[in-house]
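The structure appears below as structure tokens.
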Amino acid sequence: MPRLSLNIGIAMIVLGLLSYLLSGAASITALIPTFLGIVIAALGWVGLTNPKASRHAMHGVMLLALLAVLGSLRVFGMLGGGFSLAVVSQLLMLGLGLALLIPGIQSFIKARQKGGA
Numbered sequence: 033m034p035r036l037s038l039n040i041g042i043a044m045i046v047l048g049l050l051s052y053l054l055s056g057a058a059s060i061t062a063l064i065p066t067f068l069g070i071v072i073a074a075l076g077w078v079g080l081t082n083p084k085a086s087r088h089a090m091h092g093v094m095l096l097a098l099l100a101v102l103g104s105l106r107v108f109g110m111l112g113g114g115f116s117l118a119v120v121s122q123l124l125m126l127g128l129g130l131a132l133l134i135p136g137i138q139s140f141i142k143a144r145q146k147g148g149a
């Protein structure tokens with residue numbers, strides 16, 4: 033899970049930077065994936081390098097992944113206007129958030145079943 037968090041965090045950083053640059057730096061909100069990605073990648077790094085803190089870092093990652101998914105859901109109301117850069121960016125953010133959230137939930141379920149609260 034920590035390695036996945038690091039990789040998806042990096043992907044979010046790239047997504048935000050590309051969105052910002054491709055939009056002509058029109059709005060700082062295009063960098064939202066970058067801001068989330070920095071924290072997710074940092075928490076993934078903590079999980080990789082500090083096994084004692086890994087559990088707590090992954091809980092933080094899951095919270096941020098949930099925020100990424102919930103924040104991206106508004107894209108479904110924007111789909112009627114076609115596929116603009118903002119729509120594509122939000123769809124990618126939704127996908128990245130789900131790609132982190134789903135395995136994270138599965139990991140938490142497995143840990144609970146093993147008896148490790």
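Numbering (my numbering), first residue to last: 33 to 149. We put the CB at the ideal spot given by N, CA and C, even for glycine.
Can you tell which of Ala62, Ser59, Leu68, Ser55 has its C-alpha closest to the C-alpha of Asn39?
Leu68
Near Leu49, what residues of its chain come up, given a Cβ to Cβ distance below 6 Å and the 5 sequence neighbours on each side ignored?
Thr66
Could you check how far apart the C-beta atoms of Ala73 and Ile42 are, in whole angstroms? I think they sit under 8 Å.
5 Å
Taking the Cβ atom as the reference point for each residue, do Leu47 and Met125 lie within a distance shorter than 8 Å?
yes
Check each candidate in Tyr52, Ser86, Leu96, Ser116 and name the one with the smallest Cα separation from Ile134.
Leu96
Can you tell me whether Leu63 is buried or exposed, with buried defined as 16 or more other CB within 10 angstroms of its CB?
buried
Within 10 angstroms of its Cβ, does Ile137 collect 16 or more other Cβ (buried), or is it exposed?
exposed
Just how far apart, CA to CA, sit Gly147 and Gly56?
51 Å
Which runs of the alpha helix (DSSP H), 4 residues or longer, sit entirely within the segment 40–124?
64–81, 83–104, 107–110
Between Leu53, Leu123, Gly79, which lies nearest to Gly103 when the distance is taken from Cα to Cα?
Leu123
Mind reading off the beta-carbon distance from Gly129 to Ala85? Whole number of angstroms is fine, and I expect it under 8 Å.
About 23 Å; that fails the 8 Å criterion.
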